Amino acid sequence: MMRSEVWMAVTILVVAWNFNGAFGIRFVIEKEECFSHKVEMGETVHYSFVVIKSDGSWHYSEEEGVDLVVKGPSGEQIHDLRDKISEKSEFVAHHEGIYRFCFTNKSPYHETVDFDLHAAHFVYHDEHAKDEHFKPLFEHIGKLEEALYNIQFEQHWLEAQTDRQAIGEPWRN
Numbered sequence: 458m459m460r461s462e463v464w465m466a467v468t469i470l471v472v473a474w475n476f477n478g479a480f481g482i483r484f485v486i487e488k489e490e491c492f493s494h495k496v497e498m499g500e501t502v503h504y505s506f507v508v509i510k511s512d513g514s515w516h517y518s519e520e521e522g523v524d525l526v527v528k529g530p531s532g533e534q535i536h537d538l539r540d541k542i543s544e545k546s547e548f549v550a551h552h553e554g555i556y557r558f559c560f561t562n563k564s565p566y567h568e569t570v571d572f573d574l575h576a577a578h579f580v581y582h583d584e585h586a587k588d589e590h591f592k593p594l595f596e597h598i599g600k601l602e603e604a605l606y607n608i609q610f611e612q613h614w615l616e617a618q619t620d621r622q623a624i625g626e627p628w629r630n
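In structure tokens, the structure reads:
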């Protein structure tokens, strides 16, 4: 029974982690690739990219790179980066909607790009936690603590069983 509760908690944490507005992708760009991401008003959007390699790497120079244009929901330009091989930036979304991240490769060679994006609301200092926020958290921590203890107990028992089997049972021969 306890194992199913642990797996349920792990599954919920993984699913919650996956829905927090973050993604990363590695792709090959020939000419242009665009990605869209829904962003809520007030969210801080962090993004980064690195040109990992070029198909014609012996022709690749530091001056070359890709362009990235970030546009808001109504088409307004948020950022315009030119000839970059690496960049990290952020902005606060002033409007809710679909934001577009368009990469352009002006090189005659395919480029492999690693792109990461994270959009989330951050708690500000004037938004203080209240007692009613902590009680459910402490209850969940207690349940996870008990589940972790049970796992450690089971692991210790299994290790002892494995040690016993490794030594063998000479008295049964």
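The numbers in our numbering rise by one with no breaks, and the one at position 31 of the sequence shown is 488. Where a beta carbon is used, it is the ideal one built from N, C-alpha and C, also for glycine. Remember, predicted model here, so these are calculated numbers, not experimental data.
Start-to-end residues for the beta strand (DSSP E) that takes in I598 = The sequence position of residue 598 within the sequence shown is 141, counting from 1. Looking at the DSSP string, I598 is not in any beta strand (DSSP E); the run it does join, the alpha helix (DSSP H), is 588-624.
Should A617 be labelled buried (16 or more other beta-carbon atoms within 10 Å of its own) or exposed?
-> As a working mapping, residue 617 is identified with position 160 in the sequence shown. A617 counts as exposed, since fewer than 16 other beta carbons sit within 10 angstroms of its beta carbon.
When you compare each of V570, C559, E487 to G532 by their alpha carbons, which one comes out closest?
-> Indexing the sequence shown from 1 puts residue 532 at position 75. Considering only alpha carbons, the answer is C559.
Taking just the CA atoms, how far does L615 sit from F506?
-> Counting from one through the sequence shown, the residue named residue 506 turns up at place 49. Counting from one through the sequence shown, the residue named residue 615 turns up at place 158. Answer to the nearest angstrom: the Cα atoms are 45 Å apart.
Could you give the distance in angstroms between the alpha-carbon of P593 and the alpha-carbon of Y606?
-> Looking up residue 593 in the sequence shown gives position 136. Looking up residue 606 in the sequence shown gives position 149. Taking the straight line joining both Cα atoms gives about 20 Å.
Buried versus exposed call for K500 [16 or more other C-beta atoms within 10 Å across all chains shown] | Counting from 1 along the sequence shown, the entry for residue 500 is found at position 43. Looking at the sequence shown, residue 500 is not Lys but Glu. With 16 or more other Cβ atoms within 10 Å, it is buried.
Thinking H552 and G529 are a contact (beta carbons under 8 Å), I'd like their distance in whole angstroms, please.
-> The sequence position of residue 552 within the sequence shown is 95, counting from 1. The sequence position of residue 529 within the sequence shown is 72, counting from 1. About 6 Å; that satisfies the 8 Å criterion.
May I ask you to verify whether the region 539-546 touches the region 479-494, counting CB pairs closer than 8 Å and requiring at least 3?
-> The region 539-546 vs the region 479-494: no contact.
Quick one: which unbroken beta strand (DSSP E) runs of 3-plus residues sit fully inside the region 516-585? Chain order, please.
-> 523-528, 534-541, 543-549, 554-562, 568-577
Rounded straight-line distance, which links the Cα of G481 to that of H567 | Looking up residue 567 in the sequence shown gives position 110. Looking up residue 481 in the sequence shown gives position 24. So the alpha carbons of these two residues sit roughly 19 Å apart.
What do you get for M465, buried or exposed, if any count of 16 or more other CB atoms within 10 angstroms of its CB means buried?
-> Translated into positions along the sequence shown, residue 465 becomes position 8. Since pLDDT at M465 reaches only 43, below the 50 mark, its modelled position is unreliable, and no value is offered.
Does the Cβ of A576 have 16 or more other Cβ atoms within 10 Å, making it buried, or fewer, making it exposed?
-> Position 119 of the sequence shown, counted from the start, is the residue given in the question as residue 576. Around the beta-carbon of A576, 16 or more other beta-carbon atoms lie within 10 Å, marking it buried.
Three-way DSSP call (helix, strand, coil) for G499 in this model | Indexing the sequence shown from 1 puts residue 499 at position 42. Of the three classes helix, strand and coil, the one that applies to G499 here is coil, per DSSP.
Where does A586 land, buried or exposed, given buried means 16+ other C-beta within 10 angstroms?
-> As a first step, residue 586 is located in the sequence shown; it is residue number 129 there, counting from the start. Exposed: under 16 other Cβ atoms inside 10 Å.
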